[in-house]
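Following: one structure in structure tokens, then a few remarks.
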Amino acid sequence: MQAMKNSDRYRQLKEEGMSDKEIRANFDEKTKMRVFTWNGDKDTVMSPWDSLRYYKHFLNTGMVSIEPQTGHIKVYVGGINYKHFKFDNAKLGRRQVGSTFKPFVYASAMKDSELSPCFEISNTPVTFEDYDNWTPKNSNKAREGEMVSLKWALANSVNFVSAALMKDYTTPQSVINLAKQMGITTPMPAVPSICLGTADLSVIEMAAAMATFANKGVHKEPIFITKICDNKGMVLEVFNTKSNSALDEETAYLVLELMKGVVDSGTGARLRYKYGLRSTIAGKTGTTDNNSDGWFIGINPKLATAVWVGGELRSIHFRSTAFGQGASMALPIYGLFMQKCEQNPKLDFYRGDFDRPPSLEIDIDCSNYVQEIQEGTVSEEYSKDW
Numbered sequence: 321m322q323a324m325k326n327s328d329r330y331r332q333l334k335e336e337g338m339s340d341k342e343i344r345a346n347f348d349e350k351t352k353m354r355v356f357t358w359n360g361d362k363d364t365v366m367s368p369w370d371s372l373r374y375y376k377h378f379l380n381t382g383m384v385s386i387e388p389q390t391g392h393i394k395v396y397v398g399g400i401n402y403k404h405f406k407f408d409n410a411k412l413g414r415r416q417v418g419s420t421f422k423p424f425v426y427a428s429a430m431k432d433s434e435l436s437p438c439f440e441i442s443n444t445p446v447t448f449e450d451y452d453n454w455t456p457k458n459s460n461k462a463r464e465g466e467m468v469s470l471k472w473a474l475a476n477s478v479n480f481v482s483a484a485l486m487k488d489y490t491t492p493q494s495v496i497n498l499a500k501q502m503g504i505t506t507p508m509p510a511v512p513s514i515c516l517g518t519a520d521l522s523v524i525e526m527a528a529a530m531a532t533f534a535n536k537g538v539h540k541e542p543i544f545i546t547k548i549c550d551n552k553g554m555v556l557e558v559f560n561t562k563s564n565s566a567l568d569e570e571t572a573y574l575v576l577e578l579m580k581g582v583v584d585s586g587t588g589a590r591l592r593y594k595y596g597l598r599s600t601i602a603g604k605t606g607t608t609d610n611n612s613d614g615w616f617i618g619i620n621p622k623l624a625t626a627v628w629v630g631g632e633l634r635s636i637h638f639r640s641t642a643f644g645q646g647a648s649m650a651l652p653i654y655g656l657f658m659q660k661c662e663q664n665p666k667l668d669f670y671r672g673d674f675d676r677p678p679s680l681e682i683d684i685d686c687s688n689y690v691q692e693i694q695e696g697t698v699s700e701e702y703s704k705d706w
């Protein structure tokens, strides 16, 4: 009923003085109309009520790509078809972000408690006694009960570890403060559940915040227009973006190393084996309750991208995580986009790696860490300040 009341047809009939009962009857009358299809607009006959149901079957999307060093918006997609779907899902839409929020949790914990990517935490349940004994669950049983590195945990989006970081190594308010410094503008409640991405955020603020990692911890406010010229080319106005230091360079780099594991061996691995991408990518998938929202974050040293896919209403969702997860819904959009970027010689797409901070001496190869533990020679640098 709410969808009917939000329609232009309803508002027009209401202005003509029709009652809700009369309008509902009108919506049941079949009429000629032209509807959107993936093969172009098609003429058909159906009732306005059926057309509302028809349009609810389409998955919507929002996508934003930002150049981290300048804040310049390179790609902005608000929806799948402006003529039929005018809502801007990139900026106006706010949807639950799921596990794409976890890099902020890891960054906050690594900053507050001086943890390294190879620091190990027990992959066991964590209970928040002050919040009705809330105990999050993992999405699968992989390595439950074992000690796992932060790198492996983020690559496989382990909820137990995110919860442990929130409870023992940082705080909800610290995570929120960091996220705000990095470009998240939407208010968020300071509760433990944000460690699993319960916040509703926009695509553009997620892209801008994730770009901060690639810009060595310096946040650049997204900018659409850099200058305005008249018809003779004379510059009338120049616009510069605002910036602020949000995170130390070392932590920003280490989080990117964690996120590279998502693409190279974790939930985003299909970018390598299915889409054949070869450039440097730090990524993160995200899936929400009932498979209503699918997200993917992809960060190249010169381009940070956020993609969201979901139904118009949260009640519209896939029945299984196999289809509804971010790796199935949002990642393919990023994969096809990056294929075009890598294959287009005119773009001169950057294929280098993220710049390692000169002051960073820590070994980020966790296989070395395991070997040193077995030999009893592990250095304090893995859990101390770098």
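To get our numbering, take the position in the sequence shown, counting from 1, and add 320.
No residue lacks a Cβ here, since even glycine has one placed at the ideal position from N, Cα and C.
Beta-carbon contacts of residue i that lie in its chain and below 7 Å, excluding the five residues immediately before and after
i: Gly716; result: What the structure shows of the chain is the stretch from 321 to 706, and residue 716 is not part of that stretch, so it cannot be assessed.
i: Ile524; result: Val384, Ala410, Lys411 and Pro542
i: Glu632; result: Lys376 and Asn380
i: Pro677; result: Glu569, Glu570 and Tyr573
i: Gln322; result: none
i: Arg331; result: none
Inter-residue Cα distance where the pair is residue i and residue j
i: Leu680; j: Asn326; result: 55 Å
i: Trp706; j: Ser428; result: Confidence in Trp706 is poor, its pLDDT being 30 and thus under 50, which makes the residue's placement unreliable; the coordinate value appears in the next sentence. Their backbone Cα atoms lie some 15 Å apart in a straight line.
i: Tyr489; j: Ala473; result: 15 Å
i: Ser599; j: Thr605; result: 18 Å
i: Tyr595; j: Lys457; result: 31 Å
i: Met338; j: Asn346; result: 10 Å
i: Thr455; j: Leu656; result: 37 Å
i: Lys350; j: Tyr396; result: 37 Å
i: Ser648; j: Phe616; result: 10 Å
i: Glu440; j: Thr491; result: 19 Å
i: Ser635; j: Leu578; result: 33 Å
i: Asp340; j: Lys406; result: 25 Å
i: Phe421; j: Ala566; result: 16 Å
i: Glu695; j: Asp432; result: Here the model assigns Glu695 a pLDDT of 45, short of 50, so the residue's position is not dependable, and the following value carries that caveat. Whole-angstrom Cα-Cα distance: 29 Å.
i: Arg592; j: Leu651; result: 12 Å
i: Lys362; j: Phe356; result: 6 Å
i: Leu498; j: Met530; result: 12 Å
i: Ala624; j: Thr532; result: 9 Å
i: Gln659; j: Tyr670; result: 13 Å
i: Glu692; j: Phe448; result: Summary for Glu692: the model assigns pLDDT 44, below 50, so the residue's position carries little reliability, and this model does not support an answer.
i: Tyr402; j: Phe378; result: 14 Å
i: Glu701; j: Asp675; result: Because Glu701 carries a pLDDT of 33, less than 50, the predicted location of this residue cannot be relied on, and the following value inherits that uncertainty. Taking the straight line joining both Cα atoms gives about 20 Å.
i: Glu464; j: His404; result: 46 Å
i: Ile400; j: Lys666; result: 26 Å
i: Arg329; j: Ser367; result: 12 Å
i: Asp673; j: Leu597; result: 14 Å
i: Lys334; j: Ile343; result: 8 Å
The beta strand (DSSP E) enclosing residue i, as first and last residue numbers
i: Gly618; result: Asp613 to Asn620
i: Asn564; result: Ser563 to Ser565
i: Asn380; result: Asn380 to Ile386
i: Thr607; result: Ala602 to Thr607
i: Glu557; result: Val555 to Val558
i: Lys352; result: Thr351 to Val355
i: Met366; result: Lys362 to Met366
i: Ala624; result: Leu623 to Gly630
i: Ile441; result: Glu440 to Ser442
i: Lys457; result: No beta strand (DSSP E) contains Lys457, which DSSP labels as neither H nor E.
i: Ile545; result: Unbroken run through Ile545: none, as it is neither H nor E.
Cβ distance (whole Å) where residue i is taken to contact residue j below 8 Å
i: Ile543; j: Gly391; result: 5 Å
i: Val446; j: Ala484; result: 5 Å
i: Val583; j: Ile601; result: 5 Å
i: Lys622; j: Glu387; result: 6 Å
i: Glu569; j: Gly537; result: 5 Å
i: Pro471; j: Gly581; result: The sequence shown places Lys at residue 471, not Pro. Indeed they touch by this definition, with Cβ atoms about 5 Å apart.
Identity of the residue in the options nearest residue i by Cα
i: Phe559; options: Gly553, Ile545, Asn551 and Asp568; result: Ile545
i: Arg354; options: Arg344, Tyr375 and Ile343; result: Tyr375
i: Val627; options: Lys540, Gly603 and Asp609; result: Gly603
i: Lys461; options: Asn479, Thr381, Asp450 and Asp340; result: Asn479
i: Ala534; options: Gln389, Asp683, Asn380 and His377; result: Gln389
i: Asp683; options: Arg671, Tyr573, Thr444 and Gly672; result: Tyr573
i: Glu662; options: Asp685, Leu651, Asn620 and Ser640; result: Asn620
i: Asp452; options: Glu577, Ser513, Arg344 and Leu556; result: Ser513
i: Thr444; options: Glu434, Asp450 and Ser482; result: Ser482
i: Leu528; options: Ala510, Gly503 and Arg373; result: A small correction: the amino acid at residue 528 is Ala; Leu does not occupy that position in the sequence shown. It is Gly503 whose Cα lies nearest to the Cα of Ala528.
i: Met430; options: Ala510, Met467, Gln416 and Met486; result: Met486
i: Ala589; options: Glu466, Lys394 and Tyr654; result: Tyr654
i: Ile393; options: Lys552, Lys540, Leu372 and Ser442; result: Lys540
Extent of the continuous alpha helix (DSSP H) run through residue i
i: Tyr396; result: First-last for Tyr396: Ile393 to Val397, but that is the beta strand (DSSP E), not the alpha helix (DSSP H).
i: Arg592; result: Arg590 to Tyr593
i: Met486; result: Asn479 to Asp488
i: Ser585; result: Glu569 to Ser585
Beta-carbon contacts of residue i that lie in its chain and below 6 Å, excluding the five residues immediately before and after
i: Asp408; result: Gly398
i: Gly586; result: Ala475 and Asn476
i: Val495; result: Phe424, Val425 and Ser428
i: Ser469; result: Cys438, Glu440 and Cys686
i: Trp369; result: Phe347 and Asp348
Cutoff 8 Å; reference residue i; Cβ partners in own chain excluding five residues on either side
i: Arg414; result: Thr506, Asp520, Leu521 and Ser522
i: Cys549; result: Val555 and Leu556
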